[in-house]
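Below you'll find the structure, written out as structure tokens, and then a few comments.
Protein chains: 6
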Amino acid sequence: MPVVVRNPPRAPRAVADAFAGYGVATVHEAQGRTGLLTPDISPIYAGARIAGTAVTVSVPPADNWMIHVAVEQCADGDVLVVAPTSFSDAGYFGELLATALNARGVRGLVIDAGCRDVAELTQMGFPVWSACVSATGTVKETLGSVNVPIVCAGQLVEPGDVIVADDDGVVVVPRLRASEVLEASQAREEREAGVRKRYAAGELSLDVSNMREALAAKGLRYVDGPDGDGGAAR
Amino acid sequence: MPVVVRNPPRAPRAVADAFAGYGVATVHEAQGRTGLLTPDISPIYAGARIAGTAVTVSVPPADNWMIHVAVEQCADGDVLVVAPTSFSDAGYFGELLATALNARGVRGLVIDAGCRDVAELTQMGFPVWSACVSATGTVKETLGSVNVPIVCAGQLVEPGDVIVADDDGVVVVPRLRASEVLEASQAREEREAGVRKRYAAGELSLDVSNMREALAAKGLRYVDGPDGDGGAAR
Amino acid sequence: MPVVVRNPPRAPRAVADAFAGYGVATVHEAQGRTGLLTPDISPIYAGARIAGTAVTVSVPPADNWMIHVAVEQCADGDVLVVAPTSFSDAGYFGELLATALNARGVRGLVIDAGCRDVAELTQMGFPVWSACVSATGTVKETLGSVNVPIVCAGQLVEPGDVIVADDDGVVVVPRLRASEVLEASQAREEREAGVRKRYAAGELSLDVSNMREALAAKGLRYVDGPDGDGGAAR
Amino acid sequence: MPVVVRNPPRAPRAVADAFAGYGVATVHEAQGRTGLLTPDISPIYAGARIAGTAVTVSVPPADNWMIHVAVEQCADGDVLVVAPTSFSDAGYFGELLATALNARGVRGLVIDAGCRDVAELTQMGFPVWSACVSATGTVKETLGSVNVPIVCAGQLVEPGDVIVADDDGVVVVPRLRASEVLEASQAREEREAGVRKRYAAGELSLDVSNMREALAAKGLRYVDGPDGDGGAAR
Amino acid sequence: MPVVVRNPPRAPRAVADAFAGYGVATVHEAQGRTGLLTPDISPIYAGARIAGTAVTVSVPPADNWMIHVAVEQCADGDVLVVAPTSFSDAGYFGELLATALNARGVRGLVIDAGCRDVAELTQMGFPVWSACVSATGTVKETLGSVNVPIVCAGQLVEPGDVIVADDDGVVVVPRLRASEVLEASQAREEREAGVRKRYAAGELSLDVSNMREALAAKGLRYVDGPDGDGGAAR
Amino acid sequence: MPVVVRNPPRAPRAVADAFAGYGVATVHEAQGRTGLLTPDISPIYAGARIAGTAVTVSVPPADNWMIHVAVEQCADGDVLVVAPTSFSDAGYFGELLATALNARGVRGLVIDAGCRDVAELTQMGFPVWSACVSATGTVKETLGSVNVPIVCAGQLVEPGDVIVADDDGVVVVPRLRASEVLEASQAREEREAGVRKRYAAGELSLDVSNMREALAAKGLRYVDGPDGDGGAAR
């Protein structure tokens, strides 16, 4: 049943692009704490933040043939999302494939397996979020599928979904919820800007968010330190 | 039994501060190879080194309410130390809480769980040592305790103990041993400076530390390479 | 049976040095996908690439005595390769030993255990590939061996073999195959340079490597996206 | 958006029940090597084999409230499938809940988290496949959902899908493919029975499956042992 | 500072013994969800349940000398609890030491490291809870301490504390709280007996524990399955 | 370079068989604490103990073709030892292959990857030591080698070496050292029989092995418990 789906519906480009203004943690909260890939997926270098529409690839263990097939299905603004059908720490992806994706305007790669050529990818500025770094090569013998729903690092990713990735990890936003989640992210960010200012001025969240009463109701007690000389001793 | 202990005794400020001049490896050796947190606690960015007095927080899995409570108990020169009561890879801490701690002069965070907003924390220069990076959020529903003894990453940490953290990890120095360990760290550092100079000049530790006799006594044999052409072949 | 083998045969210096011009991934492919250490061995800082001849050390768990013994056996252009006889996350190696190795022209260290003084080693520019970072110290009580065959991170390493290490990991090239693998690496690099240029110009690997026929023969199908509005919707 | 879906469509009972005659490995192969949960899900005791229709539960970390809610939605022949929204090693399930599920004819539990009361569950004969055994308790504070699609141990599970579990692990068969996969499992089992008889009689798979020609075509060489005394020496 | 503490205070024998009537999960809940060792400590064979007073041992990595020292400090009804000062998967303990402990009436061993001679220990019926099974041996070169407070698998254990262990794991009860926790365990067990009977009769926890109102207040919705043919289709 | 080596030299049958009388821990000690596979290789069921001569197989990730090839090279008294060239948790082996090996008198399988059909293998009494249990299937597309030196679970295994496996793990004895290690195992076993008898009679290893003086010389101190009521309180 290996299949390549051409031109799947994608979240609108302007919406997908706008997510790059928000961090993964913000987007994850804004869509009700769903869609976060497991934390063992991490960036190969620090400081990148991308958003784009998913082109999905289901690959056999230690076989990267379908990534070559997937390149042709990628368009400007896409993010490639790759999941092996069973665990593999092989290095599926390196700077040659990155060169090819770069030429098509792809924003980055998310892969629940290994990546190699880390030094070259860092120099090119092509960001990758992977399960590990591994120089192990792969073969080109068995088919897989492109642009079918996949489970990647614990989350269902469908082609055209929005992918947001930064130093904190990777989150997937379902295509049809993209606009709604974008607005919620923006709202959350604005709320936090106000809070940040108050915290910086020394206000406590206990007061900013009125937590004291709820804490007392749950039974929190305050007592003094064991010998009361806490301050003096310093 | 959730409780917040106010003003626990703390190691003297000058002593705690002085530890920042020594690395974690040095302090760990100086106190007899005790107090090191397990190596899965690592810094979110390279190059930070801090020392300060512990404010401890025991938190439920995936619930960061007590960290908000703990902020109020923090003073200039403290380090927040957080341990969940059972394993959690949730992201308990981000830049908003860091802003609040910063405003109180807190030096950094050590947490046996996840941290998020890594890019922002790096930019702020607020150092965190955590078990993982995770954008997963937390709830605010269940109480825990502040400034009680906790086990964090395999070590007992009591409020007011000295925490030293750098690229090598985190070590805890019991409050009442702080002065003694500080002196031992200084002594060790001085000894090592002399050794470093001799090594740099090409001397061998076998001679600097008189190891040859002990090695021979244990039975170490030296033999020549299999075909004797080792040098010539090059 | 602890033994130190002096002057084992080494791969020719010029050959070993020349490997530094190729990445680990390239060398690994060039020798038929063999010799790669497991991916849990990673560099303590990004950006280093070294090649040299192995001086091997078999050490007891949490005991670094034999590393001190091994320093004397190291020559300019060597790489130290250390494997404990059973798992240990102790920090066997720090900046003092690095100073000693530096003085003898050693290129770096590969160790299937822990390393410490990461900040200092980074500043010195002495590269280390290790299983973990750990400030845990070691003792000097039990003998091991130097320049005997060892298994390090899943690979057999014999003294005098070539070690290549970079951000992607570590690969070992058997001494007697070194020249042949060096040529194969060079050939591979040249082929890839041509491919890279074509990819950058937008050509697809499907065409550059004539994959379309083989894919069709294996049964790959192409279908259109579920609602055909993929492009329009954007 | 917490929701409980009542009476979702289920795979036909007779079909689901018939899967208990085939092992997980057979079913997995029969549906084209798809649907297998990751191997870290293992049975709490050896020797159980079950098949049934999935009632799915999405739970917060360390909170088992929704399992209590799910009991009411279970019917005779169901299998409960539970996935936390982020990693948790808490013990969500014990013999009290097993007693309740037993009373409704539930066949077993699959959970990507912890289970407790292993001795009691073993004695009752209520089989559980879990990520770990853990006596850690849970709270009842946050809602989740019942009978929504979930990702459990790397696989998408929809309510009403068929779950097959034995000592080898757990496989999910999509509801609408159940009859087809059942037939394929039966066909595979019959083929294997014939092969087993030939292997037991000493025939080689090289001959039974005509592999010799393909191996030669790929370039496999046969050589004699290094000193030819292999047989004699014995 | 290696020290052996003779005759530390122990929890009263009758109290410690009585804990064997309750499971680890029950005791853990009864003392407010504290004291549970991490779930990677598991029994070497199924079906054992023990309770006793802790004799604690702090050991160097891969060195079991202090276990030999500790045997002499053990009395009838004790449980040996061993923690290495840094991670070790060595096999510290086998049937010879078990024979010695058996002769003194020791109930079992809890060790945050490896154990060997599993077949023999199973046959003897000497129960061990360990982090792994490992035939790796240990040396006898470095001192440690007996009957000092240790951190074992994430929990502080003091000599004389009560240890309860079964198929679900291991829990420690502080010596001075032993009587109180025993009573709470008994009370919990009695409550659960009543609940078990109602569950077995088909009652739902939603009703037995009056959860419906709280669930509705939190916003739980019930909806019908997607096509309503759920029951019919079966 | 895929190759099958026919009739490699094997350790003498009588010697290999005699190892089945000794446990893995004993053999490991007797050969100087070398040759032990990492402890993550464990038996699929408890209670088996085997010894035999290794037929080695190097396999690609998730491809078991070469195991089919290896069957023909196996003789009565052999043990199959399989290592993938890079990590794979696929289930390479099940009851059909076990049936074929059984027909040739093979004693068991050691594999640094996954195994399936655990229930059937247990019933047949065909013992397997594997890195995991996994129903994941494999393909038959890429060649590997039979009877070449391999690294399996951290140890070098050469064809014809002796393999000993039991509940404690797996140890490899080099072919040419087999007789010598067998004698050392026997001597060790006899010594331990005498020690066991003395321990069972209540003697302490401190006295049996004269440890007290060495402990005192290293500086071990004995002190009385904190309040001296240790015995009385009980």
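In the order they appear, the protein sequences are chains A, B, C, D, E and F. All the letters of the first sequence, read from the start, carry residue numbers 1 to 234 under my numbering. All the letters of the second sequence, read from the start, carry residue numbers 1001 to 1234 under my numbering. All the letters of the third sequence, read from the start, carry residue numbers 2001 to 2234 under my numbering. All the letters of the fourth sequence, read from the start, carry residue numbers 3001 to 3234 under my numbering. All the letters of the fifth sequence, read from the start, carry residue numbers 4001 to 4234 under my numbering. All the letters of the sixth sequence, read from the start, carry residue numbers 5001 to 5234 under my numbering. Cβ atoms here follow ideal geometry from the backbone N, Cα and C, with glycine treated the same way.
Of all the CB atoms in chain C, is at least one closer than 8 Å to the CB of Pro8 of chain A? As a first step, residue 8 of chain A is located in the first sequence; it is residue number 8 there, counting from the start. Chain C contact via Cβ: present.
Collapsed DSSP secondary structure at Glu4141 of chain E in the structure displayed: As a working note, residue 4141 of chain E is residue 141 in the fifth sequence. Reduced to three states, the DSSP call for Glu4141 of chain E is coil.
Alpha-carbon spacing of Ile5067 of chain F relative to Ile5150 of chain F, whole angstroms: The residue labelled residue 5067 of chain F in the question sits at position 67 within the sixth sequence. The residue labelled residue 5150 of chain F in the question sits at position 150 within the sixth sequence. Distance between the alpha carbons of Ile5067 of chain F and Ile5150 of chain F: 14 Å.
Ordered list of alpha helix (DSSP H) runs contained in the stretch 4065-4100 of chain E, each at least 4 residues: 4065-4071
Simplified DSSP assignment, three categories, for Gln2186 of chain C: Start at 1 with the first residue of the third sequence, and residue 2186 of chain C comes out as number 186. Residue state, collapsed to three classes: helix.
Val2170 of chain C to Leu2037 of chain C, Cα distance in whole Å? For the purposes of this step, residue 2170 of chain C is taken as residue 170 along the third sequence, with counting starting at 1. For the purposes of this step, residue 2037 of chain C is taken as residue 37 along the third sequence, with counting starting at 1. Distance between the alpha carbons of Val2170 of chain C and Leu2037 of chain C: 6 Å.
Measure the Cβ-Cβ separation of Pro3226 of chain D and Pro5008 of chain F and say whether it is below 8 Å. Counted from its first residue, the fourth sequence places residue 3226 of chain D at position 226. Counted from its first residue, the sixth sequence places residue 5008 of chain F at position 8. Yes, the Cβ-Cβ distance between Pro3226 of chain D and Pro5008 of chain F is below 8 Å.
Rounded C-alpha distance that separates Ala5178 of chain F from Thr5053 of chain F: Residue numbering aside, residue 5178 of chain F sits at position 178 when the sixth sequence is read from its first letter. Residue numbering aside, residue 5053 of chain F sits at position 53 when the sixth sequence is read from its first letter. Rounded to whole angstroms, Ala5178 of chain F to Thr5053 of chain F spans 10 Å at the Cα level.
Does Val5133 of chain F have its Cβ less than 8 Å from a Cβ in chain D? In the sixth sequence, counting from the first residue as 1, residue 5133 of chain F sits at position 133. So, interface residue.
Could you tell me whether the Cβ atoms of Ala5113 of chain F and Ile5041 of chain F are closer together than 8 Å? Looking up residue 5113 of chain F in the sixth sequence gives position 113. Looking up residue 5041 of chain F in the sixth sequence gives position 41. No, the Cβ-Cβ distance between Ala5113 of chain F and Ile5041 of chain F is not below 8 Å.
What residues from the stretch 5133-5147 of chain F come within 8 Å of chain C, judged by C-beta to C-beta, listed N to C? none
Note down the Cα distance separating Glu2120 of chain C from Glu2095 of chain C, rounded to an integer number of angstroms. If you number the third sequence from 1, residue 2120 of chain C lands on position 120. If you number the third sequence from 1, residue 2095 of chain C lands on position 95. The alpha-carbon atoms of Glu2120 of chain C and Glu2095 of chain C are separated by roughly 6 Å.
Contact under 8 Å by Cβ, Pro5061 of chain F with Ser5086 of chain F: As a working note, residue 5061 of chain F is residue 61 in the sixth sequence. As a working note, residue 5086 of chain F is residue 86 in the sixth sequence. Yes.
Are any of the Cβ atoms in chain B nearer than 8 Å to that of Arg107 of chain A? As a position in the first sequence, residue 107 of chain A is number 107, starting the count at 1. It does not: the Cβ of Arg107 of chain A has no partner Cβ on chain B nearer than 8 Å.
What residue range does the beta strand (DSSP E) around Ser2058 of chain C cover? For the purposes of this step, residue 2058 of chain C is taken as the residue at position 58 of the third sequence. Counting along the chain, the beta strand (DSSP E) containing Ser2058 of chain C begins and ends at 2050-2059.
Applying a beta-carbon distance threshold of less than 7 Å, which residues of chain E neighbour Met1001 of chain B? Reading the second sequence from its first residue, position 1 is the one you call residue 1001 of chain B. Per Cβ cutoff of 7 Å: Gly4032.
Does Met211 of chain A get closer than 8 Å to chain B when you measure Cβ to Cβ? Here residue 211 of chain A refers to the residue found at position 211 when the first sequence is read from its first residue. Met211 of chain A counts as touching chain B.
Kindly identify the DSSP beta-bridge partner or partners of Arg221 of chain A. Position 221 of the first sequence, counting from 1, holds the residue named residue 221 of chain A. Answer is B:Val1003.
Pull the bridge partners of Leu5156 of chain F from the DSSP assignment, please. The residue labelled residue 5156 of chain F in the question sits at position 156 within the sixth sequence. Per DSSP, F:Val5151.
State the beta-bridge partners of Gly3114 of chain D as determined by DSSP. By one-based count along the fourth sequence, residue 3114 of chain D stands at place 114. Per DSSP, D:Gly3091, D:Cys3132.
Please report the straight-line C-alpha distance between Ala4075 of chain E and Val4106 of chain E, rounded to a whole angstrom. Along the fifth sequence, one-based indexing puts residue 4075 of chain E at 75. Along the fifth sequence, one-based indexing puts residue 4106 of chain E at 106. Using only the alpha carbons, I get a separation of about 7 Å.
Rounded Cβ spacing between Ala1016 of chain B and Val1162 of chain B (contact assumed at less than 8 Å): Numbered from 1 along the second sequence, position 16 holds the residue referred to as residue 1016 of chain B. Numbered from 1 along the second sequence, position 162 holds the residue referred to as residue 1162 of chain B. Contact holds; Cβ gap of about 5 Å.
Which residues of chain A have a Cβ atom closer than 7 Å to the Cβ of Gly2021 of chain C, listed in chain order? In the third sequence, the residue the question calls residue 2021 of chain C occupies position 21. Near Gly2021 of chain C there are no residues of chain A at all, since even the closest Cβ is about 13 Å away, more than 7 Å.
Compile a chain-ordered list of the residues in the stretch 74-91 of chain A whose CB is closer than 9 Å to at least one CB of chain F. Thr85, Ser86, Phe87, Ser88, Asp89, Ala90
Can you give the Cα-Cα distance for Tyr45 of chain A and Val2157 of chain C, rounded to whole angstroms? Start at 1 with the first residue of the first sequence, and residue 45 of chain A comes out as number 45. Start at 1 with the first residue of the third sequence, and residue 2157 of chain C comes out as number 157. If you take the alpha carbons of Tyr45 of chain A and Val2157 of chain C, they lie about 30 Å apart.
Nearest CA to the CA of Leu5109 of chain F: which residue from F:Asp5117, F:Asp5078, F:Val5133? Here residue 5109 of chain F refers to the residue found at position 109 of the sixth sequence. When each option's Cα is compared against that of Leu5109 of chain F, the closest is F:Asp5078.
Sequence-distant residues of its chain with Cβ nearer than 7 Å to Arg1006 of chain B (five each side left out): Against the second sequence, residue 1006 of chain B aligns to sequence position 6. Gln1073.
On the criterion of 16 or more Cβ atoms from any shown chain inside 10 Å, does Ser3205 of chain D qualify as buried, or is it exposed? One-based indexing of the fourth sequence puts residue 3205 of chain D at position 205. Looking at its Cβ environment, which holds 16 or more other Cβ atoms inside 10 Å, Ser3205 of chain D is buried.
Look at the alpha carbon of Ala3187 of chain D and the alpha carbon of Val59 of chain A, and state the distance between them as a whole number of angstroms. Working through the fourth sequence from its first residue, we reach residue 3187 of chain D at position 187. Working through the first sequence from its first residue, we reach residue 59 of chain A at position 59. The alpha-carbon atoms of Ala3187 of chain D and Val59 of chain A are separated by roughly 27 Å.
Quick check on Ser4185 of chain E: buried or exposed, where buried means 16 or more other Cβ atoms within 10 Å of its Cβ? In the fifth sequence, counting from the first residue as 1, residue 4185 of chain E sits at position 185. Looking at its Cβ environment, which holds 16 or more other Cβ atoms inside 10 Å, Ser4185 of chain E is buried.
Beta carbon of Thr3136 of chain D, beta carbon of Ala3090 of chain D: below 8 Å? Working through the fourth sequence from its first residue, we reach residue 3136 of chain D at position 136. Working through the fourth sequence from its first residue, we reach residue 3090 of chain D at position 90. For Thr3136 of chain D and Ala3090 of chain D, yes; Cβs fall inside 8 Å.
With Ala2165 of chain C as the anchor, note down where its beta strand (DSSP E) starts and where it stops. Here residue 2165 of chain C refers to the residue found at position 165 when the third sequence is read from its first residue. Element bounds for Ala2165 of chain C: 2162-2166.
Any chain B beta carbon closer than 8 Å to Arg234 of chain A: What you label residue 234 of chain A is simply residue 234 of the first sequence in a count that begins at 1. Model confidence at Arg234 of chain A stands at a pLDDT of 35, short of 50, so the residue's coordinates are unreliable and nothing is read from them.
Considering only the beta carbon of each residue, do Arg3116 of chain D and Val3133 of chain D sit closer than 8 Å? Taking the fourth sequence and counting its residues from 1, the one referred to as residue 3116 of chain D is at position 116. Taking the fourth sequence and counting its residues from 1, the one referred to as residue 3133 of chain D is at position 133. Yes, they are a contact pair.
Test: Pro3043 of chain D CB closer than 8 Å to a CB of chain B: Counting from one through the fourth sequence, the residue named residue 3043 of chain D turns up at place 43. So no, Pro3043 of chain D is outside the interface.
Of all the options E:Gly4219, E:Arg4212, E:Arg4191, E:Ala4051, which has the alpha carbon lying nearest to the alpha carbon of Val4172 of chain E? Looking up residue 4172 of chain E in the fifth sequence gives position 172. The residue with the shortest Cα to Cα distance from Val4172 of chain E is E:Ala4051.
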